[in-house]
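Colleague:
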Amino acid sequence: MDIILALKAIIMGLVEGFTEFLPISSTGHLILAGSLINFTGEVAQVFEIAIQAGAILAVMWEYRARLGAVLGGITSDPRQQKLVINLIVAFLPAAVLGFLFSKAIKAHLFAPVPVALAFIVGAFVILWAERRHKVLPGAHRIQTVDDMTVLDAFKVGCAQCFALIPGTSRSGATIIGGMLFGLSRTAATEFSFFLAIPTLLAATVYSVFKARHDLHASDLPLFLIGGVAAFISAFLCVRWLLRFISTHDFTGFAWYRIVFGVVVLITAHFGWVVWAE
């Protein structure tokens, strides 16, 4: 394999892993990173989705005890059955809309400037949600994922639909949406992690299947390198985020989104950086 291409795969994998579970949009960062290092095209788009599997494996490893309990008690333990039902309900809205509109979204929104605008708009939503969370501390009535009802799960699933817009952030939409709907910051973050498993695995399988005729056996090492990089960086990120939210809110991520989005818009407007479309 070409060493430069391998390095690009590692960079993209690291970007995926470090951003997938933060409210800053992994898709947006991958589009922008791909533009900067000239890693674009049909195969690159499939690669960006496929390496999400590495990030998901990191979450599955972190929560292996709970996932093992779910598998062991899915036929007999009401607690585990409730979590599975809630995840299915939360998964369906974005799955349906993604299936119907993914082609149009990729055609019109997978570009640096729309992504930058989504970064900025999403940042103000986070700032508003965090302010509301502080002003109305009693609003977070759900302390753990086990306290969630089917209706709570459906609301979070509807919030996840906004993540179909590149730059919005799947994690940001589900975590902030969960907080607005009454979940504590910890419960919203953990449910976002659990919901990522079916959502991203389904997106990976669907994307690879659709592009199967454009992929070749020679692409496999590239995907593996990117997946391993995504696994390692995502594992570190998940461990860090769980510690971070115990004492911090998401305001810092909002300001990061604003600065990042403005930088992209300015550099694109003045031609200082040639962002690939």
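If you count the sequence shown from 1, you need to add 586 to reach our numbering.
No residue lacks a Cβ here, since even glycine has one placed at the ideal position from N, Cα and C.
Please go through the same chain and pick out, in chain order, the residues whose beta-carbon is closer than 6 Å to the beta-carbon of A595, but skip the five residues on each side of it.
Modeller: Excluding positions up to five away in sequence, the list reads L808, I811, G812.
Colleague: So C823 is in the alpha helix (DSSP H); what residue range does that whole segment cover?
Modeller: Run containing C823: 806 to 830, per the alpha helix (DSSP H) assignment.
Colleague: Could you tell me the distance, in whole angstroms, from the CA atom of A651 to the CA atom of I762?
Modeller: Roughly 26 Å between the two C-alpha positions.
Colleague: For the candidate residues I671, A644, L643, whose alpha-carbon lies nearest to that of V656?
Modeller: Nearest C-alpha to V656: I671.
Colleague: According to DSSP, is L608 part of a helix, a strand, or is it coil?
Modeller: DSSP places L608 in coil when its eight states are reduced to three.
Colleague: Give the secondary structure of L722 by DSSP, where H, G and I count as helix, E and B as strand, and everything else as coil.
Modeller: Correct three-state label for L722: coil.
Colleague: In the DSSP assignment, find the alpha helix (DSSP H) that holds I729 and state where it starts and stops.
Modeller: For the record, residue 729 in the displayed sequence is Gln; it is not Ile. That residue, Q729, is in no alpha helix (DSSP H); it is neither H nor E in DSSP.
Colleague: Hey, out of A619, G758, L766, whose CA is closest to D738's CA?
Modeller: D738 has its Cα closest to that of L766, out of A619, G758, L766.
Colleague: Taking the C-alpha atoms as reference points, what is the distance between G676 and L781?
Modeller: In the sequence as presented, Gly is not what sits at residue 676; that position holds Ala. Their Cα atoms are separated by approximately 7 Å.
Colleague: If you measure between the beta carbons of F817 and E648, is that distance less than 9 Å?
Modeller: Result no, Cβ atoms of F817 and E648 do not sit closer than 9 Å.
Colleague: List the whole-angstrom C-beta distance separating C823 from L653, where the pair is believed to meet the contact cut-off of C-beta under 8 Å.
Modeller: Actually they are not in contact, since the Cβ atoms of C823 and L653 sit about 19 Å apart, beyond 8 Å.
Colleague: Alpha carbon to alpha carbon, what distance is there between A592 and F740?
Modeller: If you take the alpha carbons of F740 and A592, they lie about 40 Å apart.
Colleague: Which residues in the same chain have their Cβ closer than 6 Å to the Cβ of G659, if we skip the five residues on either side of it in sequence?
Modeller: Counting only Cβ-Cβ distances below 6 Å, and skipping sequence neighbours, we find Q666.
Colleague: Over what stretch of residues does the alpha helix (DSSP H) that includes L786 continue unbroken?
Modeller: Run containing L786: 771 to 796, per the alpha helix (DSSP H) assignment.
Colleague: Can G603 and A644 be called in contact, C-beta distance under 9 Å?
Modeller: Going by C-beta atoms, G603 is nearer than 9 Å to A644.
Colleague: For a test of the three-state rule: what should DSSP assign to W647, helix, strand or coil?
Modeller: Reduced to three states, the DSSP call for W647 is helix.
Colleague: To the nearest angstrom, how far is it from the Cα of G768 to the Cα of A725?
Modeller: Approximately 5 Å, taken between the alpha carbons.
Colleague: Roughly how many angstroms separate the alpha carbons of I642 and A749, rounded to a whole number?
Modeller: Straight-line Cα distance between these residues: approximately 17 Å.
Colleague: Answer yes if the stretch 784 to 799 comes into contact with the stretch 625 to 639, meaning at least three C-beta pairs across the two stretches below 8 Å, and no otherwise.
Modeller: Taking 8 Å as the limit for Cβ pairs, the verdict is that the stretch 784 to 799 does touch the stretch 625 to 639.
Colleague: Check whether the Cβ atoms of G753 and I617 sit closer than 9 Å, and answer yes or no.
Modeller: Contact flag set, yes.
Colleague: DSSP three-state label for I637, please.
Modeller: Reduced to three states, the DSSP call for I637 is coil.
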